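To start, the structure under review is shown below, and the notes come after it.
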Amino acid sequence: MLELRLVQGSLLKKVLEAIKDLVNDANFDCSATGFSLQAMDSSHVALVALLLRNEGFEHYRCDRNISMGMNLGNMNKMLKCAGNDDIITLKADDGSDTVTFMFESPNQDKIADFEMKLMDIDSEHLGIPEAEYHAIVRMPSAEFARICKDLSSIGDTVVISVTKEGVKFSTKGDIGTANIVCRQNTTVDKPEEATVIEMKEPVSLTFALRYMNSFAKATPLSHTVTISLSSELPVVVEYKIEDMGYVRFYLAPKIEE
Amino acid sequence: GPKQPAITKFFSKL
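Going down the list, the sequences are from chains A and B. Position one of the first sequence corresponds to residue 30 (the working numbering), numbered consecutively onward. Position one of the second sequence corresponds to residue 840 (the working numbering), numbered consecutively onward.
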């Protein structure tokens, strides 16, 4: 028996909006500690890892570990029927081939349940090793989204370089080149507006902008984004979900032959 | 230009 009641149902709606274009089908894994997902995009270049910890739910019951295969497009269709202020409850019986999403309006005057068919998904789970990152950049998520969108109108790839001067996002295309440098800036009114750069070593990596723009769909989940870089390792683009967990995107760098 | 490797080149299957 599985029953997860999320008072801030809009969080789940935002999570689906963030990942549905990157991943078609995925297994949601539910255990006593939380609700999680790990999935690769169809071309196996990027990986998304989601964690929603049990303590973030108002009610969390998961009698035994269960993996539920869902088509994220279909799941998104169902979650779009929930209001932004609705409480969302996920329910599944042991051995059932369906999951039920229950939506309750804040004043309990409307209760809806949507039952969705589960699917068998043969997915590979990857082991993500602990890594020491050469540079970690924390910046406003909206700023990062803006940079990726702007650069993708010029080129297809972004070079992200961290030096003691700051973090530089560069691209080039047929019409010309673009460079955007963000310096560390902690003298801001609110902590979420800060740009903080922790650098152990300078690092410079090249990534496909198409994926970065896809990751930026998680912007509504968090005011800040954390970008962790090490040479010859996938970048980690992390959006923390307040009091609950995170959505992390991993993207393999492009490598010179 | 640079080549795009798969993420599985960096992370091993469990």
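Where is the CB? At the ideal position from N, CA and C, for every residue including glycine. Note that the structure is a prediction, hence the values are computed from the model and not measured.
- In terms of CA proximity to residue 209 of chain A, A:197 leads the group A:203, A:163, A:252, A:197.
- By the criterion of a C-beta distance shorter than 7 Å, residue 47 of chain A is surrounded in its chain by 246, 247, 250, 276, once the five residues flanking it on both sides are discounted.
- Interface annotation, residue 163 of chain A: not in contact with chain B, CB-CB separation never under 8 Å.
- For residue 235 of chain A, the residues of chain B that pass the 8 Å Cβ criterion are 841, in the order they occur in the chain.
- Per the coordinates, the alpha-carbon of residue 93 of chain A lies some 12 Å from the alpha-carbon of residue 63 of chain A.
- Taking a C-beta distance under 8 Å as the contact criterion, residue 75 of chain A and residue 152 of chain A do not qualify as a contact pair.
- Non-local beta-carbon contacts of residue 242 of chain A in its own chain, meaning distances under 7 Å to residues more than five positions away in sequence, involve 177, 178, 181 in chain order.
- Around residue 221 of chain A, the same chain offers 252, 253 as residues with beta carbons nearer than 6 Å, after the five sequence neighbours per side are excluded.
- In the structure shown, residue 183 of chain A adopts coil according to DSSP, grouped into three states.
- Residue 120 of chain A carries a strand assignment under DSSP once its states are collapsed to helix, strand and coil.
- For residue 84 of chain A, the nearest beta carbon of chain B is not closer than 8 Å to its own beta carbon.
- At a C-beta separation below 9 Å, residue 194 of chain A has no neighbours in chain B, since its nearest C-beta there lies roughly 24 Å away.
- At the C-beta level, residue 235 of chain A and residue 186 of chain A come within 8 Å of one another.
- Residue 268 of chain A sits close to residue 170 of chain A, with the two beta carbons spaced by under 8 Å.
- Nearest to residue 130 of chain A by C-alpha distance, out of A:72, A:213, A:119, is A:119.
- Residues of the stretch 149-163 of chain A whose Cβ lies closer than 7 Å to any Cβ of chain B, in chain order: 153, 154, 155, 156, 157.
- Put simply, the backbone Cα of residue 72 of chain A is about 35 Å away from that of residue 90 of chain A.
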